[in-house]
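*Asks:* One structure coming up, written as structure tokens, with questions to follow.
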Amino acid sequence: MVSIIIPAYNQLAYTRQAIASIRAHTPPPYELVLVDNASTDGTLAYFRSLPGAVVVANPVNQGHAGGTNRGIERSRGEVLVLLNNDVLVTAGWLDNLLRALGSAPDVGMVGPVTNYSFAPRQQVEVPYRDLSAMPAWAARYNAGPDCWEETDFLLGFCLVVKRRVVQEVGLLDEARFALGFFDDNDYSWRVRRAGYRLLIARNTFLHHFGSVTLKQQNPAETTRAFTEAARRFRAKVAGAGEDPERV
265 MVSIIIPAYN QLAYTRQAIA SIRAHTPPPY ELVLVDNAST DGTLAYFRSL PGAVVVANPV
325 NQGHAGGTNR GIERSRGEVL VLLNNDVLVT AGWLDNLLRA LGSAPDVGMV GPVTNYSFAP
385 RQQVEVPYRD LSAMPAWAAR YNAGPDCWEE TDFLLGFCLV VKRRVVQEVG LLDEARFALG
445 FFDDNDYSWR VRRAGYRLLI ARNTFLHHFG SVTLKQQNPA ETTRAFTEAA RRFRAKVAGA
505 GEDPERV
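265 is the number of the first residue of the sequence shown in our numbering; add one for each residue after it.
Right, dumping it as structure tokens:
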């Protein structure tokens, strides 16, 4: 079984769209694990209204990494999809990603391409300007032949990982990267250090609105948090005897 794990802190309108897209484009069976990070906009009540969903209610905001970890702990699937709440999945998305993940025993984690990414290798140009045109275009895009590209880094908006890899590598490092900055850099690095490969499924497109939770924060505080997370990541890599500039 596949567990789809979505942490959320407010931004209910985006979360509703994300879950509606999952319902529309993901044939069962799958487990939907929804983590509320102490939202104040009705997110928790919405989660509890969804039949069959596993709901985790954090009493305080544990950040993206902490929220994701609580979802992983409650999940049961042999494959975990770590999905942001500002992502729209598309026709064929999960089957495509699962083929990439199962393509070789040493493939530990995979991710799709998108319209909005801090990782240039995962960003593609899109022809649509109106979101209503996106699903039909994405369905055609995702119907293309399998095309997988090995990479050193996968952006955390959608990570598909084998549970046995998580059991070996551990959870996201919420102590260092609670807000979400560099938690994906760190996890990509740790999965590779454990001997697994990362793949971009270039034939799989998901729409990403991008950083909607972070945009709630004070810009100066966000910049400080990013700078501190970058420092912590470099220090962690250096402490493991590797060159941070080469990770």
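Heads up, the beta-carbon is just placed ideally off N, CA and C, and yes, glycines get one too. If you're wondering where the values come from, they're calculated on a predicted model, not measured in any experiment.
Should R550 go down as buried or exposed, given a rule of 16 or more other Cβ atoms within 10 Å for buried?
*Replies:* Past the edges of the chain, shown from 265 to 511, lies residue 550, and the structure says nothing about it.
*Asks:* In angstroms, rounded to a whole number, what distance separates the CA positions of G356 and E389?
*Replies:* Translated into the one-based positions of the sequence shown, residue 356 becomes position 92. Translated into the one-based positions of the sequence shown, residue 389 becomes position 125. Roughly 19 Å separates the two Cα atoms.
*Asks:* Measure from the alpha carbon of W453 to the alpha carbon of each residue in A465, R498 and C422, then state which is nearest.
*Replies:* The sequence position of residue 453 within the sequence shown is 189, counting from 1. Minimum Cα distance to W453 is reached at R498.
*Asks:* Check for me: the alpha helix (DSSP H) holding T354 runs from which residue to which?
*Replies:* For the purposes of this step, residue 354 is identified with residue 90 of the sequence shown, where counting begins at 1. First-last for T354: undefined, no H or E at that position.
*Asks:* At the level of alpha carbons, what is the spacing between L462 and R510?
*Replies:* Mapped onto the sequence shown, residue 462 falls at position 198. Mapped onto the sequence shown, residue 510 falls at position 246. Answer to the nearest angstrom: the Cα atoms are 16 Å apart.
*Asks:* Please work out which residues of its chain come closer than 6 Å, Cβ to Cβ, to V324, disregarding the five sequence neighbours upstream and downstream, and give them in chain order.
*Replies:* The count along the sequence shown starts at 1 and reaches residue 324 at position 60. A302.
*Asks:* Which residue wins for smallest C-alpha separation from P409, given the options M398, A397, R363 and F417?
*Replies:* One-based indexing of the sequence shown puts residue 409 at position 145. Comparing Cα positions, the closest option is R363.
*Asks:* What's the call for E506, buried or exposed, on a 16-neighbour Cβ count within 10 Å?
*Replies:* Taking the sequence shown and counting its residues from 1, one reaches residue 506 at position 242. Exposed.
*Asks:* Please give the ranges of any alpha helix (DSSP H) in the stretch 414 to 485, keeping only runs that are unbroken, at least 4 residues long and fully inside the region.
*Replies:* 427 to 433 and 447 to 457
*Asks:* Per the DSSP calculation, M373 is bridged to which residue(s)?
*Replies:* One-based indexing of the sequence shown puts residue 373 at position 109. The partner list for M373 (beta bridge, DSSP) reads V425 and L462.
*Asks:* With a threshold of 7 Å on Cβ separation, who are the neighbours of Q386 within its own chain once the five nearest residues in sequence on each side are excluded?
*Replies:* As a first step, residue 386 is located in the sequence shown; it is residue number 122 there, counting from the start. Closer than 7 Å at the Cβ level, and outside the excluded window around Q386, lie G375, V377, T378, L419 and I464.
*Asks:* Just grab the DSSP bridge partners of T378 for me.
*Replies:* Walking along the sequence shown from the start, residue 378 turns up at place 114. Secondary-structure assignment with DSSP links T378 through a beta bridge to Q387 and L470.
*Asks:* Between the beta-carbon of L344 and the beta-carbon of S285, is there less than 9 Å?
*Replies:* By one-based count along the sequence shown, residue 344 stands at place 80. By one-based count along the sequence shown, residue 285 stands at place 21. No, the pair does not count as a contact, with Cβ atoms beyond the cut-off.
*Asks:* Would you check if there are 3 or more beta carbon pairs closer than 8 Å linking the stretch 298 to 317 to the stretch 399 to 408?
*Replies:* no
*Asks:* So, for H328: in the same chain, excluding its five sequence neighbours on each side, which residues have a beta-carbon less than 7 Å away from its beta-carbon?
*Replies:* Within the sequence shown, the letter at position 64 stands for residue 328. Here the set comprises P271, L443, G444 and D447.
*Asks:* Give the single residue among D350, F469, Y460 and R428 whose Cα lies nearest to the Cα of P399.
*Replies:* Reading the sequence shown from its first residue, position 135 is the one you call residue 399. Minimum Cα distance to P399 is reached at F469.
*Asks:* Here's the rule I'm using: 16 or more other beta-carbon atoms within 10 Å means buried, otherwise exposed. How should M265 be labelled?
*Replies:* Start at 1 with the first residue of the sequence shown, and residue 265 comes out as number 1. Exposed, since its Cβ has fewer than 16 Cβ neighbours within 10 Å.
*Asks:* Tell me which residue opens and which closes the alpha helix (DSSP H) that N406 is part of.
*Replies:* As a first step, residue 406 must be located in the sequence shown, where it is residue number 142. Counting along the chain, the alpha helix (DSSP H) containing N406 begins and ends at M398 to N406.
*Asks:* Helix, strand or coil: how does DSSP classify V320 here?
*Replies:* Here residue 320 is taken as the residue at index 56 of the sequence shown, counted from 1. If DSSP states are grouped into helix, strand and coil, V320 belongs with the strands.
*Asks:* First and last residue of the beta strand (DSSP E) that includes N333?
*Replies:* As a working mapping, residue 333 is identified with position 69 in the sequence shown. Run containing N333: none in the beta strand (DSSP E); it sits in the alpha helix (DSSP H), G327 to R338.
*Asks:* Under 9 Å, do G331 and V319 count as touching if we go by C-beta distance?
*Replies:* Mapped onto the sequence shown, residue 331 falls at position 67. Mapped onto the sequence shown, residue 319 falls at position 55. Not in contact: G331 and V319 (Cβ atoms no closer than 9 Å).
*Asks:* Using DSSP with H/G/I as helix, E/B as strand and the rest coil, what is V266?
*Replies:* Here residue 266 refers to the residue found at position 2 when the sequence shown is read from its first residue. Of the three classes helix, strand and coil, the one that applies to V266 here is strand, per DSSP.
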